[in-house]
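In full-length UniProt numbering, the protein residues as written are 1 to 105.
Glycine included, each C-beta is placed from N, C-alpha and C at the ideal position.
Small disclaimer: the values here were computed from a predicted structure and weren't measured.
Dropping the structure here:
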């Protein structure tokens, strides 16, 4: 049972922070996030072509990584005709930066 003041670590800010950190805990997902930061509104095929050697080379694997990043609200996706485009969720990145900064104080 969680309490209503938001201090329940299984729900709320701690859960959100944990999910974001877990999403970024994979080097391939970090590479995807960095690519999308440098190339906003890119499509999945562009990401796949520009991943470093050793990264996923199957669309299904890339899709799984993109889903994890979207679930953690680090990426936003939208349709542009038949293509799905991606951009970084700047609000979530700023929140994450604040949360991580608060851990070192």
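Straight-line spacing of the CA atoms in residue 30 and residue 73 works out to 14 Å. Per DSSP, reduced to three states, the secondary structure at residue 17 is helical. Between residue 61 and the set 53, 48, 71, 52, the nearest pair of CA atoms involves 48. Burial state of residue 90 is exposed, judged by a 10 Å Cβ sphere holding fewer than 16 other Cβ atoms. Relative to residue 51, the option among 59, 98, 28, 81 whose CA is nearest is 28.
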